[in-house]
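Reading the sequence shown from the start, the letters are residues 23 to 361 in my numbering.
Backbone N, C-alpha and C fix where the C-beta goes; we use that ideal spot for every residue, glycine too.
Here's the structure we're looking at; comments come further down.
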Amino acid sequence: MKRWAQATRRLVETPWRLVFIALSCFSLLAASCALIAGSGTYTVTVTAWDRYVRLGTSAATVGDALKEANVVLGPNDYSFPTPEAPLTQGLDIKVVRASLAFINDGGRIRAIETAKDTVGEILSQAGVELGPEDAVIPPAEERVPDDGRIRIVRVTYADVIEEEVIPYTVERRSDGSLEAGLVRTLTAGKEGLARVEYSVRYEDGVEVSRQEVSRELVREPSPQVLLVGTLQEVTRGSDNIRFNKAIEVVATAYCPCVKCCGPYANGYTHTGLVAEKGVIAVDPRVIPLGSRVYVDGYGFAVAGDTGGAIKGSRVDLCFSTHEEALAWGMKRVKVYVIE
């Protein structure tokens, strides 16, 4: 009876022992797996500039993995994720290398090593502060251009006071006692003066625009008064001469001789007329060739010749003899253009 009880007790205890052993083995296996998972190997990829590395590592952080891949971050390089980030299976690590950007700040150029993407980020890294109207080229939100060049246009304003000349006006008055074509000054004009204040806009120190702020009149201008001749008929001796216009000229004299006209003179004028008294040389821009004229002190004549020295309000009067030409000399006279 006693043996039977012991046998029965052994049969009951045996399954529970097996269960206990199985549970113990499972716990040990789970603990081992957890230990392996906590200190296992990760497969990651590193893209750094022109390098691509596939790496099996047991590193704990991105920074440690980069060291194993022999990737050294410069002071302005950065990685994504950051070096402090924990490593995970299949992680793709990207490293951005810094490059040079050239900032032209109002004409002063500085170089900065940066890995930032946008113009605004680069300026922030460089500690550049912008005024409310300063311009950035390219705009701050755009990516830096391939040549790395960034321009800042500094905008400033200044109040400038200047003295401004006010031109005088010209008043013309008809004068029936003065020959048509002649003008006399009755009253000389005088310029006025104003003091003007401007708000001037500068870009990089160069004026680009200005706006008038105030104006103070210092001196009023005085008008110039001119008398304009309207008389078209004069009397010379017994002749009443009607004319279109009068011109005040300097009149010299010549004759057809070799002394006056040179060794190649043939006795004819530029227009083919015989060089004799009653023919004068003119500047065709002032008195058209072929015009009939009256010259004070000389008489009626035809504008039928030209001369190299006859320019503007100047005429050359032809005389029959050299003595007559010498006697005339040079005089200021009026020429009346008849037709």
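Shown here, Ala323 sits in a strand according to DSSP, grouped into three states. The region 248 to 320 contains, as complete alpha helix (DSSP H) runs of 4+ residues, the segments 280 to 283 (chain order). Annotated as distal: Thr207 and Leu152, with beta-carbon spacing of 7 Å or more.
In terms of Cβ geometry, Gly128 and Arg176 form a close pair [threshold 7 Å]. Straight across, the Cα-Cα distance linking Gly149 with Glu143 is about 10 Å. Within the same chain, Cβ atoms closer than 7 Å to the Cβ of Glu155 are found at Val177, the five residues on either side in sequence being excluded. For Gln246, the secondary structure class from DSSP, reduced to helix, strand or coil, is strand.
Using a Cβ-Cβ distance cut-off of 8 Å, the region 264 to 282 and the region 209 to 216 are not in contact, since fewer than three pairs of beta carbons, one from each stretch, lie closer than that value. According to the DSSP secondary-structure assignment, Tyr190 is paired through a beta bridge with no residue. Residue nearest to Phe341 within the set Arg354, Ala323, Ser335 is Ala323 (criterion: CA-CA distance).
A Cβ-Cβ distance of about 6 Å is found for the pair Ser121 and Gly170, placing them in contact under the 8 Å criterion.
Between Ser335 and Val271, the CB-CB gap stays under 7 Å.
Annotated as distal: Tyr190 and Pro278, with beta-carbon spacing of 7 Å or more. DSSP, read as helix, strand or coil, puts Leu113 in coil. If you check the CB distance, Val192 and Tyr220 do not come in under 7 Å. The beta carbon of Ala210 sits closer than 7 Å to the beta carbons of Gln246 from its chain, once the five residues preceding and following it are set aside; these are given in chain order. Counted as a single uninterrupted DSSP element, the stretch harbouring Gly153 is not any beta strand (DSSP E), since DSSP gives it neither H nor E. Measuring C-alpha to C-alpha distances from Val359 to each of Lys353, Thr343, Asp318 identifies Asp318 as the nearest.
At least 7 Å separates the beta-carbon of Ile115 from that of Val158. The beta strand (DSSP E) runs of length 3 or more contained entirely in the region 81 to 131 are, from start to end of the chain, 100 to 102, 114 to 118, 121 to 127. Shortest Cα-Cα distance from Leu109 to any of Gly329, Arg232, Val118, Val66 involves Val66. The C-beta distance from Ala123 to Thr140 rounds to 11 Å, too long to meet the 8 Å contact threshold. Here Thr63 is exposed. Its C-beta has fewer than 16 other C-beta atoms within 10 Å.
Secondary structure at Leu348: helix, using DSSP grouped into helix, strand and coil. Residue state for Ile332 is assigned as coil, using DSSP reduced to three classes. Per DSSP, Ser231 is one residue of the beta strand (DSSP E) stretching across 228 to 241.
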